[in-house]
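Colleague: Structure below; questions to follow.
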Amino acid sequence: MPITVEIPKEKWAGKVREVVLGATAADGGTRAKTVVVGGEATLPFLHFDGAIPHPPALAIEVRDRRPDDWSPLVYEAWGEAMNDPAEWAKAAEKAGADLIVLTLSLTTADRKPNTPENAKAVVRKVLNATGLPLAVFGPGQAEKDNELIVPVAEEAKGEKLLLGVCEDKNYRTIVATAMANGHNVSSKTPMDVNLAKQLVILIHDMGMPLDRIIMDPTTGALAYGIEYGYSVMERLRLAALQGDSMTQQPMIVTPGEETWKAKESKVGEGVPETWGDWKRRAINWETLTAASLIHAGADAVVLRHPETLARVKAMVNGLMSAN
Amino acid sequence: MASHTITFQPSNQTVSAATGALLTEALRDAGLDINQPCGGQGRCGRCAVIVKDGSIRRRSTIRLTASDIESGYALACQSIVEGDAVILIPEQDQIERRLVTDKTAKAIAAPFPYDPARDQTVRAFAVTLDPPTLDDAVDDVSRLERALAARGIRHLQIPLPLMKELSARLRDAEWQVTATIETDTWRNPDGPPRLIDLIPGDGEGAAQRLFGVAIDIGTTTVSVYLVDLLSGEVVDTAAEYNKQIRRGEDVISRIIYAGKANGLQELSQLVRATINEVIKRLAQRNKVELWQICKATVAANTTMTHLFLGLPPASIRLTPYIPTVNHPLPVAAPEVGLDIHPRASVDCLPGVAAYVGSDITAGVLASGLADADDLTLFIDVGTNGEIALGTKEWLVTCACSAGPAFEGAGVACGMRATRGAIEEVWINSETFEPTFRVIGDVKPRGICGSGLLSLVAELLVTGVVDKGGRFKMDMATPRLREDEHGSEYTVAWAKDTDSGRGIVLTKVDIDNLMRAKAAIYAGFTVLAQSVGVDLADVQRVLIGGAFGKYINVEKAVQIGLLPDMPWDRFSFLGNTAVMGAYTALLSRDARAKIKDIAQKMTYIELSADNTFYDAFTSALFLPHTEMSRFPTVAALWSSERSPET
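Protein chains in written order, with my numbering: chain C, 83 to 405; chain F, 251 to 895.
Printed below as a string of structure tokens:
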């Protein structure tokens with residue numbers, strides 16, 4: 083006698099909001115395509131439970147100038163393109179990135195303080211070089227962030243950039259300029275469910291619509307606190323699905339930045355032989371971190387190495403086609 | 251447009267006003283000044299007037315109950331002229347008495363009908379002895395015992411120092427003396443009685459005066475009641491900051507300090523000196539001699555009790571958090587350095603655990619929580635916030651470290667709730683200018699706890715600070731400033747203060763206040779959760795602690811210190827710890843009841859798991875990360891403010 087097994091389905095009360103990054107000409111921008119993040123009505127890849135309308139977006143981090151302290155393995159991968167943000171972004175698009183995250187530096191290549199003029203020029207150049215949606219993050223110092231992001235937001239009005247980084251100590255200026263110029267914002271908080279919710283509330287209180295806010299709950303690399311970051315993301319996502327409105331923002335995390343700080347990725351010499359091949363190890367480190375965070379609910383991951391991008395993309399494609 | 255005649259009483263001034271004009275505009279035209287601290291937003295209810303005749307339309311009735319409206323009350327700033335009208339402007343204090351959000355502590359009075367013969371353990375017995383003769387040649391002690399036996403005093407213990415003087419005292423007084431006797435203690439309820447003093451005279455004057463002191467040793471503030479033990483009345487009260495503050499603001503830093511060389515002696519000496527100073531001030535002010543103070547009861551948190559007694563508190567801080575003693579035996583005043591009668595006993599009331607001391611057991615007694623029929627929450631807001639929940643059937647309690655902000659300490663311009671303290675603030679939501687009330691109606695000297703929470707609530711509601719407690723520096727007001735020390739809001743300009751220095755609220759002050767309120771809110775939410783009780787089921791909330799005589803519960807709800815529930819469920823009791831000590835000072839039954847309360851309370855350790863920390867970070871927001879817990883604040887938020895653009 084055939085036995086019918088019914089797979090039990092979770093009934094969730096809420097779902098993740100959708101945020102559109104980038105605007106095509108039809109919407110007043112110049113992007114060749116847009117990326118929608120979020121929208122899930124269930125936990126990652128549980129297609130039988132609920133809709134997962136968009137795959138996680140895979141972003142490549144590009145700097146406005148060649149960074150001084152990145153791993154030689156990343157320099158080797160991108161080569162000369164890293165000397166020019168436009169070339170770098172083009173290479174990233176070619177490598178299969180869905181999104182470019184352009185991080186502005188404190189100083190220019192000639193060691194002078196970065197200026198609004200330079201930031202605007204770089205952003206324009208990158209916009210011209212690629213058709214992908216763009217995120218632009220400041221160097222991470224409140225005053226400098228505000229000084230650079232405001233002119234960038236005005237320069238790229240209508241492009242629906244993702245602007246950052248909004249932190250609890252410094253969010254008002256960036257949110258105000260994002261609202262005035264039609265951009266989205268990234269709300270970054272240090273690995274805590276309550277802090278993540280609180281900053282979303284504060285940004286929303288300023289009048290920013292919720293479908294233009296992405297959360298960055300912060301993460302740690304594999305072996306450097308990933309469990310903690312994973313758990314916070316998982317709790318945020320469960321709260322979102324249970325209907326807690328202020329946790330229903332899509333999440334972006336930066337495994338590239340985190341893993342390439344780790345000794346295991348950064349150092350090739352003077353480490354135990356049992357660690358194995360440096361390059362393989364480093365790319366595994368970034369891949370495993372990113373893959374784990376996607377399973378915790380990340381809607382966008384920011385990567386550095388093109389090989390990682392390819393591997394994570396393969397994983398995502400496989401898991402999405404299991405639909 | 252039609253014009254109408256508005257008459258204002260009691261001055262009987264008349265003005266004409268057009269249809270649609272606001273009463274406040276008519277008042278201004280009449281040259282009448284009416285309080286509008288919130289700037290005419292209908293928010294504060296301070297501009298209430300009474301419509302005696304005619305018609306006006308009430309645009310908003312927030313702050314007015316149905317019975318208010320029936321008796322003609324209207325808010326001038328929300329009332330629209332529609333015809334001729336006669337308007338009575340009431341006295342301001344009449345308006346404020348009517349406001350249900352303002353909670354003022356009741357005047358201090360004996361909590362029960364006091365009968366010293368029945369209730370008191372330290373009493374004065376005036377006796378006249380038969381002078382000795384050759385026929386009646388019993389010794390002096392027996393003679394005294396014989397006279398006192400007639401008054402029910404048997405097996406009297408006479409301390410040797412007093413015995414040495416007995417012969418002279420009896421003869422100098424010509425055998426008419428008043429014996430001050432401690433008849434019993436909680437430890438020895440059947441006696442024997444102990445002679446404290448023997449004073450010449452049997453009626454008028456010094457001999458017939460007998461006093462006690464009820465003492466609350468707070469981490470931040472020491473409060474003392476001077477009590478007449480014959481009438482049971484409180485003669486006077488006084489309070490002072492605990493001199494230990496200079497050795498650390500909270501109990502943990504005091505415990506650490508006590509572990510240093512001579513640290514314990516120093517802290518003991520500092521707290522004893524504080525108490526002695528306050529007692530001396532009370533005695534001088536009321537023409538009482540220190541030796542006439544023959545009894546003392548002490549309520550304090552466990553650490554303060556240890557430091558007062560000179561017991562090392564180190565183990566209180568270390569898991570599993572065990573104090574030397576929760577219920578100390580009575581000690582003689584000189585043993586703890588108190589400058590009262592040297593044979594007076596000092597009774598430290600019983601506590602429950604390392605972080606739930608006799609301040610909370612005394613507070614539970616004074617609050618009536620132990621007799622409550624309905625589910626009742628008792629919150630003692632102090633440097634250590636103590637919380638008890640229950641009914642007459644059961645009691646659970648916990649403690650959380652709130653810091654001294656609510657007592658006005660550790661705050662840039664903070665002060666105790668005494669003369670010169672700003673105790674309530676309103677901010678105009680268009681100009682961001684504050685209006686405040688100062689205790690004693692003098693130039694302000696600083697801000698007390700109730701003023702602080704009122705100020706932060708107003709800054710939040712008017713949008714000067716965000717829900718994270720940060721000043722929005724882009725707001726257009728000269729009162730917001732930022733320099734290398736941080737940002738601040740000026741409440742009173744230098745020219746308007748007592749000291750000539752401006753009174754400000756800094757970002758750091760807001761942080762301290764938020765941590766304090768978050769600790770207390772998290773404390774009672776976790777406590778309720780631990781016994782499976784929904785906070786909404788709490789029928790009464792009793793508030794004790796450091797707020798002086800006044801708290802505005804609405805403001806306390808707006809910042810998320812108190813749960814959002816109907817205002818009539820809240821009662822403000824003032825300093826319940828010293829009230830409980832006072833009750834225990836008067837009555838051996840009350841004293842016994844505190845012991846029962848201490849035994850009945852179940853202590854919940856908040857540090858046992860992560861629940862408290864989670865609740866704390868969630869509460870570290872204005873009013874709370876879960877806005878759904880504060881529906882009335884959420885409603886105010888959406889009605890008062892459209893999102894910024």
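Where a beta carbon is used, it is the ideal one built from N, C-alpha and C, also for glycine. The structure presented is a predicted model; accordingly, all values stated were derived computationally and were not measured.
If the criterion is Cβ atoms closer than 8 Å, does the pair L460/F and C544/F meet it?
Modeller: Counting from 1 along the second sequence, the entry for residue 460/F is found at position 210. Counting from 1 along the second sequence, the entry for residue 544/F is found at position 294. Contact flag set, yes.
Colleague: Below 8 Å, can you find three or more Cβ-Cβ pairs linking the region 648 to 659 of chain F to the region 792 to 802 of chain F?
Modeller: yes
Colleague: Count the other C-beta atoms from every protein chain shown that fall within 10 angstroms of the C-beta of Q789/F, then say buried if there are 16 or more, exposed otherwise.
Modeller: Here the question's residue 789/F lines up with position 539 in the second sequence. Under this definition Q789/F is an exposed residue.
Colleague: Taking the straight line between their C-alpha atoms, what separation do you get for A378/C and E309/C?
Modeller: Along the first sequence, one-based indexing puts residue 378/C at 296. Along the first sequence, one-based indexing puts residue 309/C at 227. Distance between the alpha carbons of A378/C and E309/C: 10 Å.
Colleague: Comparing alpha-carbon positions, which option in I330/F, I300/F and E332/F lies nearest S209/F?
Modeller: The displayed coordinates of chain F run from 251 to 895. Any statement about residue 209/F would go beyond what the structure contains.
Colleague: In or out: P893/F buried (at least 16 other Cβ within 10 Å) or exposed?
Modeller: Position 643 of the second sequence, counting from 1, holds the residue named residue 893/F. Bear in mind that a pLDDT of 47 at P893/F, under 50, signals an unreliable position, so the number given afterwards is only what the model happens to contain. Result: exposed.
Colleague: Here's the rule I'm using: 16 or more other beta-carbon atoms within 10 Å means buried, otherwise exposed. How should T895/F be labelled?
Modeller: Counted from its first residue, the second sequence places residue 895/F at position 645. Low local confidence applies: a pLDDT of 38 at T895/F is under 50, so the model's placement there is unreliable, with the coordinate-based value given in what follows. By the 10 Å Cβ count, T895/F comes out exposed.
Colleague: For E828/F, count neighbouring C-beta atoms within 10 Å of its own C-beta (all shown protein chains included) and say buried if the count is 16 or more, exposed if not.
Modeller: In the second sequence, counting from the first residue as 1, residue 828/F sits at position 578. For the record, residue 828/F in the displayed sequence is Val; it is not Glu. Classification of V828/F: buried, given that the 10 Å Cβ count is 16 or more.
Colleague: Thinking just about the alpha-carbon of each residue, which of I283/C, N200/C, L155/C and H265/C is nearest to the one in K239/C?
Modeller: Numbered from 1 along the first sequence, position 157 holds the residue referred to as residue 239/C. Closest option to K239/C, Cα to Cα, is H265/C.
Colleague: Sorted by chain position, which residues of the same chain lie with C-beta nearer than 6 Å to R386/C's C-beta, five sequence neighbours on each side aside?
Modeller: Reading the first sequence from its first residue, position 304 is the one you call residue 386/C. E143, V156, G338 and W342, listed in sequence order.
Colleague: Within the continuous beta strand (DSSP E) that includes A335/F, where are the two ends?
Modeller: What you label residue 335/F is simply residue 85 of the second sequence in a count that begins at 1. From DSSP, the beta strand (DSSP E) with A335/F extends over S329 to L338.
Colleague: Taking 8 Å as the CB-CB cut-off, is N266/C touching chain F?
Modeller: Here the question's residue 266/C lines up with position 184 in the first sequence. No, N266/C lies away from the interface with chain F (no Cβ there is under 8 Å from its Cβ).
Colleague: Roughly how many whole angstroms lie between the Cα atoms of P813/F and A582/F?
Modeller: Start at 1 with the first residue of the second sequence, and residue 813/F comes out as number 563. Start at 1 with the first residue of the second sequence, and residue 582/F comes out as number 332. Approximately 43 Å, taken between the alpha carbons.
Colleague: Examine the Cβ distances between the region 614 to 626 of chain F and the region 856 to 872 of chain F and report whether three or more of them are shorter than 8 Å.
Modeller: Short answer: they don't touch.
Colleague: Considering only the beta carbon of each residue, do K395/C and G178/C sit closer than 8 Å?
Modeller: On the first sequence, position 313 is the one that residue 395/C refers to. On the first sequence, position 96 is the one that residue 178/C refers to. Yes; because the gap between Cβ atoms is below 8 Å, this pair is in contact.
Colleague: Going by C-alpha to C-alpha distance, which of G161/C, P221/C, T369/C and Y306/C sits closest to N252/C?
Modeller: To locate residue 252/C, count along the first sequence from 1; it is residue 170. The residue with the shortest Cα to Cα distance from N252/C is P221/C.
Colleague: For the candidate residues L412/F, F375/F, D389/F and W425/F, whose alpha-carbon lies nearest to that of Q403/F?
Modeller: Taking the second sequence and counting its residues from 1, one reaches residue 403/F at position 153. First, the residue type needs correcting, since residue 403/F is Ile and not Gln in the sequence shown. Answer by Cα proximity: F375/F.
Colleague: For G776/F, collect the residues of the same chain with a Cβ closer than 8 Å to its Cβ; drop the 5 residues on either side in sequence, then sort them by chain order.
Modeller: Against the second sequence, residue 776/F aligns to sequence position 526. Here the sequence assigns Val to residue 776/F, which means Gly is not the residue at that position. Counting only Cβ-Cβ distances below 8 Å, and skipping sequence neighbours, we find C648, I854, L856, T861, F862 and A865.
Colleague: Between L284/C and chain F, is any beta-carbon pair separated by less than 8 Å?
Modeller: Stepping through the first sequence from its first residue, residue 284/C is reached at position 202. Chain F contact via Cβ: present.
Colleague: Count Cβ pairs between the region 358 to 365 of chain C and the region 117 to 134 of chain C that sit closer than 8 Å; are there 3 or more?
Modeller: no
Colleague: Tell me whether the region 217 to 234 of chain C and the region 689 to 704 of chain F touch, counting them as touching only if at least three CB pairs, one residue from each stretch, are closer than 8 Å.
Modeller: no
Colleague: Mind pulling the chain F residues with CB within less than 7 Å of R254/C?
Modeller: As a first step, residue 254/C must be located in the first sequence, where it is residue number 172. Simply K722 and D724.
Colleague: So what's S595/F in DSSP terms, helix, strand or just coil?
Modeller: What you label residue 595/F is simply residue 345 of the second sequence in a count that begins at 1. In the structure shown, S595/F sits in a strand (DSSP, three-state: E or B).
Colleague: Taking its Cβ as the centre, do 16 or more other Cβ atoms sit within 10 Å of T378/F, making it buried, or is it exposed?
Modeller: As a working mapping, residue 378/F is identified with position 128 in the second sequence. Exposed is the call here.
Colleague: Hey, is Q280/C's beta-carbon within less than 8 Å of any beta-carbon in chain F?
Modeller: Taking the first residue of the first sequence as position 1, residue 280/C is located at position 198. For Q280/C, the answer is yes, since a Cβ of chain F falls inside 8 Å of its Cβ.
Colleague: Using beta carbons (cut-off 8 Å, strictly below), is N228/C in contact with chain F?
Modeller: Working through the first sequence from its first residue, we reach residue 228/C at position 146. No, its Cβ sits nowhere closer than 8 Å to a Cβ of chain F.
Colleague: Whose Cβ in chain C lies nearer than 7 Å to the Cβ of D716/F?
Modeller: Your numbering for residue 716/F matches position 466 in the second sequence. Going along chain C in sequence order, the residues near D716/F (Cβ under 7 Å) are L284 and D287.
Colleague: Any C-beta of chain C within less than 8 Å: which residues of the region 866 to 884 of chain F qualify?
Modeller: Only those residues of the region 866 to 884 of chain F whose C-beta falls short of 8 Å from the nearest C-beta of chain C are listed: T867, S868, L870, F871, T875 and M877.
Colleague: How would you label Q449/F, buried or exposed, when you count the other beta carbons within 10 angstroms and need 16 or more for buried?
Modeller: As a first step, residue 449/F is located in the second sequence; it is residue number 199 there, counting from the start. It should be pointed out that residue 449/F corresponds to Ile in this sequence rather than to Gln. Classification for I449/F: buried.
Colleague: Report the partner residues of W541/F according to the DSSP bridge assignment.
Modeller: What you label residue 541/F is simply residue 291 of the second sequence in a count that begins at 1. Answer by DSSP bridge pairing: none, since W541/F is not bridged.
Colleague: Have a look at T641/F and Y771/F and give me their C-alpha separation to the nearest angstrom.
Modeller: Within the second sequence, the letter at position 391 stands for residue 641/F. Within the second sequence, the letter at position 521 stands for residue 771/F. Cα to Cα, T641/F sits roughly 20 Å from Y771/F.
Colleague: D250/C CB to nearest chain F CB: under 8 Å?
Modeller: The count along the first sequence starts at 1 and reaches residue 250/C at position 168. Chain F contact via Cβ: present.
Colleague: Contact between the region 666 to 676 of chain F and the region 699 to 706 of chain F: three or more CB pairs below 8 Å?
Modeller: Yes: at least three Cβ pairs fall under 8 Å.
Colleague: Run through chain F and tell me which residues come within less than 8 Å of N276/C, C-beta to C-beta.
Modeller: Sequence index remark: in the first sequence, residue 276/C carries index 194 (1-based). The contacting residues are D864, T867, S868, L870, F871 and T875.
Colleague: Check for me: the alpha helix (DSSP H) holding D408/C runs from which residue to which?
Modeller: Nothing in the structure corresponds to residue 408/C, since chain C is present only between 83 and 405.
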